[in-house]
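Worksheet: the structure to be examined is printed underneath.
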Amino acid sequence: LEIPHYTSGPYGEIRAWLQEEIERTRIKRQIKAADFFAVKKEGQFQVGFLGQPSTGKSSIIKALSHAQIKVAAYAFTTLKPQPAIIPINGIDFQLLDLPGLIENASQGKGLGKRILSVVHNVDGIVFVMDITKPFEELNQIIHELTQTGIIPLKNKPAIIAVNKIDLLENPRNIEEVKKEFNEYKIIPISATQSKNLSQLKDAIWEMSGFIRIYSKGDMKKPIALWKGAPVKDFASKIHKEFVEKFKEAKIT
Numbered sequence: 139l140e141i142p143h144y145t146s147g148p149y150g151e152i153r154a155w156l157q158e159e160i161e162r163t164r165i166k167r168q169i170k171a172a173d174f175f176a177v178k179k180e181g182q183f184q185v186g187f188l189g190q191p192s193t194g195k196s197s198i199i200k201a202l203s204h205a206q207i208k209v210a211a212y213a214f215t216t217l218k219p220q221p222a223i224i225p226i227n228g229i230d231f232q233l234l235d236l237p238g239l240i241e242n243a244s245q246g247k248g249l250g251k252r253i254l255s256v257v258h259n260v261d262g263i264v265f266v267m268d269i270t271k272p273f274e275e276l277n278q279i280i281h282e283l284t285q286t287g288i289i290p291l292k293n294k295p296a297i298i299a300v301n302k303i304d305l306l307e308n309p310r311n312i313e314e315v316k317k318e319f320n321e322y323k324i325i326p327i328s329a330t331q332s333k334n335l336s337q338l339k340d341a342i343w344e345m346s347g348f349i350r351i352y353s354k355g356d357m358k359k360p361i362a363l364w365k366g367a368p369v370k371d372f373a374s375k376i377h378k379e380f381v382e383k384f385k386e387a388k389i390t
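Spelled out as structure tokens, the structure:
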């Protein structure tokens with residue numbers, strides 16, 4: 139307002155710059171930015187890896203998938219969900235490397251509500267526990283999920299991956315973990331040394347509740363169905379019109 143008559147020279151340049159900034163701001167206000175936490179669901183089953191910071195979630199997923207996921211020795215390396223696809227028994231599973239969940243996450247601390255909103259939509263959960271840390275860290279995670287009603291849910295299976303067993307001095311600590319969290323399947327692993335990763339994959343498969351069905355035309359690529367699924371579900375996976383014309387099936 140103090141330089142209305144300057145249209146050239148330094149003051150004119152400042153005035154033109156301000157007008158550009160005002161117009162840019164008007165445009166930005168009309169744009170709805172997508173939440174950078176949003177994850178497109180891919181594969182047949184989505185698994186969220188959840189734990190406190192520095193438990194080794196990124197290292198585990200990188201070891202399982204060979205995806206280019208950032209791994210570092212400091213806390214909060216992962217700032218948003220990082221997806222990776224791995225095949226298990228011929229079926230694609232999507233693994234989500236989630237940021238560390240801390241105490242009072244359900245009240246919004248440390249991006250807590252955003253993380254929990256992603257966890258609410260996953261098909262299954264792998265709690266990642268650092269065996270060198272107190273059990274209370276994992277209990278706190280489970281408490282936060284209980285506070286938001288994510289668990290206990292029958293359709294939200296969960297297992298516990300006890301990481302860094304290569305640093306374990308007393309093997310009896312694993313038995314203590316099993317006793318403390320007896321309602322969960324426990325898989326002791328070491329991401330850095332690739333120990334028991336095949337057992338972890340088997341546990342994820344078991345958690346999914348899938349069965350594999352092969353069509354006569356393709357005996358290499360199975361179709362994943364839930365245990366107890368009717369033949370109609372398999373037919374619908376082939377094509378919706380196939381279901382309408384379907385009469386009978388030969389099963390072996």
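Be aware that the sequence shown starts at 139, since it is given in my numbering, and climbs by one per residue.
Each residue gets a CB set at the ideal place from its N, CA and C atoms; glycine is no exception.
For D261, the number of other beta carbons within 10 angstroms of its own is at least 16, and it is reported as buried.
Linking R310 to K316 through their CA atoms gives a straight-line distance of about 10 Å.
Shown here, L254 sits in a helix according to DSSP, grouped into three states. Nearest neighbour of I280 by Cα position, chosen from M357, E313, E241, turns out to be E241.
Under the three-state reduction of DSSP, L188 is assigned to strand. Inclusion of I198 and A329 in the CB contact set at 7 Å is warranted, their separation being smaller than that value. If you draw a straight line from the Cα of F319 to the Cα of L239, it is about 19 Å long.
By the neighbour-count criterion, in which 16 or more other beta carbons inside 10 Å mark a residue as buried, M357 falls on the exposed side. Taking C-beta separations shorter than 6 Å and ignoring five residues to either side along the sequence, the partners of P219 in its chain run V177, L234, L236, V256, following chain order. Going by beta carbons, S332 and A201 fall inside the 7 Å limit.
A Cβ-Cβ separation of about 19 Å leaves T193 out of contact with N308 under the 8 Å criterion. Burial is judged here by how many other beta carbons sit within 10 angstroms of a residue's own beta carbon; L305 has fewer than 16 and is exposed.
By the Cβ neighbour-count rule, L283 is buried, with 16 or more other Cβ atoms within 10 Å of its own.
In the DSSP assignment, D340 falls within the alpha helix (DSSP H) that extends over 335-346. The C-beta of Q157 has fewer than 16 other C-beta atoms within 10 Å across all chains shown, which makes the residue exposed.
In the DSSP assignment, N301 falls within the unbroken beta strand (DSSP E) covering 296-301. DSSP links Q232 through a beta bridge to Q184, I223. Listed as beta-bridge partners of W364 by DSSP are F348. Contact between I298 and I324 holds, with the beta-carbon distance rounding to 5 Å and staying under 8 Å. Annotated three-state conformation of G262 is strand, per DSSP.
When DSSP states are grouped into helix, strand and coil, I389 belongs to the coil group.
The Cβ atoms of F384 and A373 lie closer than 7 Å to each other. The DSSP-derived three-state label of P148 is helix. Going by beta carbons, G186 and I263 fall inside the 7 Å limit. Taking C-alpha positions only, E180 is separated from P326 by approximately 27 Å.
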